[in-house]
Amino acid sequence: MSGAAKARSADSAEGTQARQQLLERLWASGAVRSSAVAAAFARVPREQFVSGFYERQGRTWRWCTPEALPAGQWLERLYQDEPLVTRLDTHQLPSSSSSQPSAMARMLEALAVQPGQRVLEIGTGTGYNAALLAELVGPSGQVWTVELEEELACQARVRLQAAGYGERVQVMAADGWQGYAPAAPYERLIATASASRLPRRWYDQLAPGGRLVMDLQGSLHQSGFLVLEKLDEPDRGGVQAQGVFWQPPLHFMPLQLPPLTAPPTGTPSSWSPEEPMGNGPRVWRLPATHPFPSLLEEPAFAWFLQWRCPGIRLTRRRRLLPSGNPSGEEWLTLVINPLPGVLQFRRTGSATDNWMVAEVTSAGQPSLWDLLEGARQQWDTAGRPAQQAYRIEVTAAGAALSLQTAETTLTILPDLFAEDLS
Numbered sequence: 010m011s012g013a014a015k016a017r018s019a020d021s022a023e024g025t026q027a028r029q030q031l032l033e034r035l036w037a038s039g040a041v042r043s044s045a046v047a048a049a050f051a052r053v054p055r056e057q058f059v060s061g062f063y064e065r066q067g068r069t070w071r072w073c074t075p076e077a078l079p080a081g082q083w084l085e086r087l088y089q090d091e092p093l094v095t096r097l098d099t100h101q102l103p104s105s106s107s108s109q110p111s112a113m114a115r116m117l118e119a120l121a122v123q124p125g126q127r128v129l130e131i132g133t134g135t136g137y138n139a140a141l142l143a144e145l146v147g148p149s150g151q152v153w154t155v156e157l158e159e160e161l162a163c164q165a166r167v168r169l170q171a172a173g174y175g176e177r178v179q180v181m182a183a184d185g186w187q188g189y190a191p192a193a194p195y196e197r198l199i200a201t202a203s204a205s206r207l208p209r210r211w212y213d214q215l216a217p218g219g220r221l222v223m224d225l226q227g228s229l230h231q232s233g234f235l236v237l238e239k240l241d242e243p244d245r246g247g248v249q250a251q252g253v254f255w256q257p258p259l260h261f262m263p264l265q266l267p268p269l270t271a272p273p274t275g276t277p278s279s280w281s282p283e284e285p286m287g288n289g290p291r292v293w294r295l296p297a298t299h300p301f302p303s304l305l306e307e308p309a310f311a312w313f314l315q316w317r318c319p320g321i322r323l324t325r326r327r328r329l330l331p332s333g334n335p336s337g338e339e340w341l342t343l344v345i346n347p348l349p350g351v352l353q354f355r356r357t358g359s360a361t362d363n364w365m366v367a368e369v370t371s372a373g374q375p376s377l378w379d380l381l382e383g384a385r386q387q388w389d390t391a392g393r394p395a396q397q398a399y400r401i402e403v404t405a406a407g408a409a410l411s412l413q414t415a416e417t418t419l420t421i422l423p424d425l426f427a428e429d430l431s
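Residues in the sequence shown are numbered consecutively from 10, following the working numbering.
Pasting the structure below:
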């Protein structure tokens, strides 16, 4: 009996039943579509990889364990189709989790792992997804999984060994942005954390004919479910790989960066909307029918904008006036790194009041308003396309993100390999 089989033999009847109920929901939702992925979810106990999780209670977090929850609730909570936050950073923000099972299933279906393949996972987390991958590659395959945090990598390694996957899964504490070159190439690569670009090293470590699945998320936090196929050899047009976006989009925590040894340069200084906008800002009032700023919250436009204007950032703040007065002040502040300018939408009074716009730019620098309006007009002309209309083509020149409609092909971003997109 294999180590994984021995671990499953000690599994409780309650755990088996809870897994089966989750699997039925994943089948019904369409997240699981193949017998191979279904079998993996049926075999791997999530409770062996999650010993506790954080639950939001107002402004604080509650740590939940089998002992802290009423009898019978632990497995019920573990096998809901929900992500489970397992680690907080120093600011009490989630920094690691056990991903939502339906999102994991959709990614595994897209990855289409075959028995005997070599797979690289970026973002080990609890190790649960690595165990699912181990089931998919089978005894003749191998999984390498990379985790930035040494403590998390050690915990996942122990859990995987205890669950019987120690020989089939290698856990490395390393920078996920770099992939893992010593064991390359890989037939499959999956990233269970979002990335603001397509890391060149991931692509280089993917074998010809290989497939990469990831959450591509831009600076406006709009995510895409990218499935990229690397061709066995370039086609006549020089295309080496092609990527499409599956639906619905993914939503993963950002891939962490190693600690900086020095502060970055070229980043705009922080700015508060209560402060003056600078010397001589350009100020005007928008007509009530103007699409901005509400268009900035339209997912299809925000997805387009974050790649058309890489480095764009948008913050929103609202300040209510004393109790009993429905009026208040609302700001939306926009910057595009590294351009030295600020564009602010401000509304004082009721929600029906028109927005004021103020812009500060440096001499000789492009107007942020002109860039924003130009992007809107380009998106309108293209027919306000949904995310499915976008494609990625990798050539010797880079990884180009383009918009393909019945009328035209428009290059939105010439190279997603670039390291300065965020």
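Cβ coordinates follow ideal geometry from the N, Cα and C atoms, glycine included.
Neighbour-count burial assignment, residue i, 16 or more Cβ in a 10 Å radius
| i | result |
| --- | --- |
| W72 | exposed |
| A405 | exposed |
| L381 | buried |
| E156 | buried |
| G275 | Its pLDDT being 38, under 50, G275 is placed unreliably by the model, and the measurement read from it follows with that caveat. Its Cβ having fewer than 16 others within 10 Å, G275 is exposed. |
| L161 | buried |
| G247 | exposed |
| S205 | buried |
| Q82 | exposed |
| V167 | exposed |
| V292 | exposed |
| T99 | exposed |
| G61 | exposed |
| T133 | buried |
| E339 | buried |
| R177 | buried |
| Q101 | exposed |
| L35 | buried |
| T95 | buried |
| R327 | exposed |
Contact under 8 Å by Cβ, residue i with residue j
| i | j | result |
| --- | --- | --- |
| S104 | T135 | no |
| A436 | I131 | No answer is possible for residue 436: it lies beyond the span of the chain, which begins at 10 and ends at 431. |
| R197 | V122 | yes |
| S343 | L377 | Correcting the residue identity first, residue 343 is Leu in this sequence and not Ser. Cβ distance < 8 Å, so L343 and L377 count as in contact. |
| F426 | L207 | yes |
| A27 | E64 | no |
| L9 | L117 | An answer regarding residue 9 cannot be provided, because it is not within the stretch 10 to 431 covered by the chain. |
| L304 | R385 | yes |
| D90 | Q109 | yes |
| R325 | S228 | no |
| Y195 | L215 | yes |
| L348 | P375 | yes |
Same chain, Cβ closer than 8 Å to residue i, five either side skipped, listed in chain order
| i | result |
| --- | --- |
| Q179 | Q151, V152, W153, T154, A192 |
| I421 | F313, W316, R317, Y399, L410, S411, L412 |
| P285 | For P285, the predicted model reports a pLDDT of 41, less than 50, meaning its position is unreliable; a value from the coordinates is still stated below. Answer for P285: no residue qualifies. |
| D241 | P217, G218 |
| P272 | Unreliable placement is indicated for P272, whose pLDDT of 37 sits below 50; no coordinate value is reported for it. |
| P290 | A367, E368, V369 |
Cβ shell of residue i (< 7 Å), same chain only, five flanking positions each side left out
| i | result |
| --- | --- |
| A398 | L412, Q413, T414 |
| Y88 | A27, R28, Q30, L31, R55 |
| G125 | V146, G147, S149, G150 |
| S38 | S111 |
| P308 | Q231 |
| E238 | R220, A250, Q251 |
| L419 | A391, S411, L412 |
| L269 | Caution is warranted here: a pLDDT of 45 is assigned to L269, below 50, making its placement in the model unreliable, and the coordinate value is therefore given only provisionally. Excluding positions up to five away in sequence, the list is empty. |
| P75 | W83 |
Other residues of its chain near residue i: CB distance less than 6 Å, five sequence neighbours each side excluded
| i | result |
| --- | --- |
| N138 | M113, T201 |
| D224 | S203, S232, L259, F261 |
| V403 | Q249, A250 |
| D362 | R356 |
| Y212 | none |
Whole-number beta carbon distance between residue j and residue i, since they are thought to touch under 8 Å
| i | j | result |
| --- | --- | --- |
| V128 | L142 | 5 Å |
| W364 | P302 | 6 Å |
| A119 | V222 | 5 Å |
| G173 | L264 | Rounded, the Cβ-Cβ distance is 28 Å, inconsistent with contact. |
| A183 | Y189 | 6 Å |
| V366 | L295 | 6 Å |
| I401 | A408 | 6 Å |
Check: residue i C-beta below 7 Å from any heavy atom of the ligand MG
| i | result |
| --- | --- |
| Q66 | Ligands are entirely absent from the displayed structure, and the ligand MG is therefore not among its contents. |
Stretch pair the region 357-376 + the region 245-257: three plus CB contacts closer than 8 Å
With a cut-off of 8 Å, the region 245-257 and the region 357-376 do not count as touching, because too few Cβ pairs lie within range.
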